[in-house]
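See structure below.
Chains as they are written, first to last, in the numbering used here: chain A, 1 to 194; chain B, 195 to 388.
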């Protein structure tokens, strides 16, 4: 990944937090500039417009997701299925630290997919990328006998991220982690053959 | 339910369709009035403001949900678990007729719950009402032996609506019904004890 200037990074971090909390339409350039103390010209040096900024904020969010995936899925001290669950536990930790605002992908996906093909395609691509990475571990779990032979790892990974997104919505509505753990418990109890 | 004037009903139906497609922030009063041919004064006779209108559009959406729940859950020709699945199949039919725009509750819940406690409370209340009605059928399924004894019908109903919301988001992103059926298949395959 190319080095990002500190100014750009600061704008994106602030924007990502604001998008997660309040969504895209509420995101005001003035508010971002005020809270970061960065001048307007600098914003337009780094971003073409608000859409470009929003899409790059999703990239920053995904960098965090990939880091969590790397930390969990490459952890050979855990069996593959446990690595997958560990990833969602890390995500849940970050939801907790944010006050249970749910997932930025689900938030922007719902808010914008009816009005912006750019955001719709971006969010869909991000979610399928996550599913693809998880599928590789599910495939390893099948080889290890921790998932029934004949299980389709891609379909099971898609199912997992989809159900997670619904649990994340509910967790956001209630500001409560319970839906997240309940969903994971059901999935992992029944994904295994025993 | 009190009788609704035809003008109010027409405004709400148009608003509901626009909210489902494009969300709350994109909803413009001018566009609603133009597409219905109803004068502005008439809008403000029926609604205090845009928020009031949006909340009442959710009520109209819920009237449709309750009608579908009535049609399915009261159908004594089907076993209770089949009634629950039938409800989601009816919902899926309506998603199809709309072009797979997902669920209005999930859409507005994600878009607005970070900025409006009124919408957050409303959407949460609607989703838990649906779960409560489904739980009654799951309870009947436990009595019939179609769900394992000891199953918590309320937790299982919450899980079901939550996972559905995630599948509905994905279906919206892809304009594709597949995530909906896959989620239902997994849930009903594993909810049963056999």
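Note that the Cβ used here is the ideal one computed from N, Cα and C, for glycine as well.
Note that the coordinates shown come from a computational prediction; the quantities given were computed from them, not determined experimentally.
Nearest candidate by alpha-carbon position, reference residue i, set the options
i, options, result
"residue 101/A", "307/B, 239/B, 299/B", "307/B"
"residue 7/A", "121/A, 40/A, 192/A", "40/A"
"residue 127/A", "105/A, 135/A, 110/A, 147/A", "105/A"
"residue 297/B", "111/A, 147/A, 21/A, 99/A", "111/A"
"residue 173/A", "215/B, 236/B, 309/B", "309/B"
"residue 124/A", "362/B, 340/B, 324/B", "362/B"
"residue 302/B", "23/A, 14/A, 13/A", "23/A"
"residue 134/A", "148/A, 61/A, 152/A, 77/A", "152/A"
"residue 324/B", "214/B, 267/B, 242/B", "267/B"
"residue 369/B", "291/B, 212/B, 241/B", "291/B"
"residue 18/A", "5/A, 32/A, 9/A", "32/A"
"residue 38/A", "4/A, 147/A, 10/A", "10/A"
"residue 178/A", "192/A, 92/A, 61/A, 188/A", "92/A"
"residue 49/A", "12/A, 34/A, 75/A, 63/A", "12/A"
"residue 122/A", "61/A, 5/A, 3/A, 34/A", "61/A"
Endpoints, alpha helix (DSSP H) assigned at residue i
i, result
"residue 24/A", "That residue, residue 24/A, is in no alpha helix (DSSP H); it is neither H nor E in DSSP."
"residue 242/B", "No alpha helix (DSSP H) contains residue 242/B, which DSSP labels as neither H nor E."
"residue 153/A", "153 to 174"
"residue 95/A", "80 to 98"
"residue 137/A", "117 to 143"
"residue 295/B", "No alpha helix (DSSP H) contains residue 295/B, which DSSP labels as neither H nor E."
"residue 373/B", "372 to 385"
Cα-Cα separation, residue i to residue j
i, j, result
"residue 158/A", "residue 65/A", "16 Å"
"residue 365/B", "residue 312/B", "27 Å"
"residue 253/B", "residue 210/B", "10 Å"
"residue 283/B", "residue 94/A", "35 Å"
"residue 265/B", "residue 331/B", "13 Å"
"residue 43/A", "residue 262/B", "50 Å"
"residue 57/A", "residue 51/A", "10 Å"
"residue 14/A", "residue 36/A", "7 Å"
"residue 249/B", "residue 215/B", "16 Å"
"residue 53/A", "residue 46/A", "9 Å"
"residue 343/B", "residue 87/A", "32 Å"
"residue 156/A", "residue 140/A", "13 Å"
"residue 293/B", "residue 77/A", "46 Å"
"residue 269/B", "residue 187/A", "29 Å"
"residue 147/A", "residue 197/B", "55 Å"
"residue 348/B", "residue 336/B", "12 Å"
"residue 385/B", "residue 191/A", "12 Å"
"residue 339/B", "residue 228/B", "55 Å"
"residue 200/A", "residue 326/B", "A query on residue 200/A cannot be resolved here, the shown segment of chain A reaching from 1 to 194 and no further."
"residue 189/A", "residue 63/A", "30 Å"
"residue 199/B", "residue 120/A", "37 Å"
Contact list for residue i against chain A, beta-carbon separation under 7 Å
i, result
"residue 380/B", "159"
"residue 384/B", "190"
"residue 216/B", "114, 115"
"residue 305/B", "23, 110, 111"
"residue 301/B", "110"
"residue 200/B", "Simply none; closest approach about 27 Å."
Within chain A, partners of residue i - CB distance below 9 Å
i, result
"residue 220/B", "25, 114, 115"
"residue 373/B", "158, 159, 162"
"residue 248/B", "Chain A residues near residue 248/B: none, gap ~14 Å exceeds 9 Å."
Per-residue contacts from residue i into chain A (C-beta, under 8 Å)
i, result
"residue 377/B", "159, 162, 163"
Interface partners of residue i on chain B, CB under 7 Å
i, result
"residue 123/A", "367"
"residue 101/A", "308"
"residue 155/A", "376"
Partners in chain B for residue i, counting only beta-carbon separations shorter than 8 Å
i, result
"residue 127/A", "364, 367"
"residue 120/A", "367"
Within chain B, the residues that residue i reaches when beta carbons sit closer than 9 Å
i, result
"residue 167/A", "353, 356, 357, 359, 360"
CB contact check: residue i to chain D, cutoff 7 Å
i, result
"residue 103/A", "This model lacks chain D altogether; the protein chains it does include are A and B."
Check whether the region 170 to 185 of chain A touches the region 216 to 235 of chain B, counting contact only when three or more Cβ pairs, one atom from each stretch, lie closer than 8 Å. no
Can you confirm whether the region 268 to 285 of chain B touches the region 73 to 88 of chain A when touching is taken to mean that 3 or more C-beta pairs between the two stretches lie within less than 8 Å? no
Counting pairs of Cβ atoms below 8 Å between the region 356 to 363 of chain B and the region 160 to 171 of chain A, do you hit three or more? Flag = yes, the region 356 to 363 of chain B and the region 160 to 171 of chain A touch.
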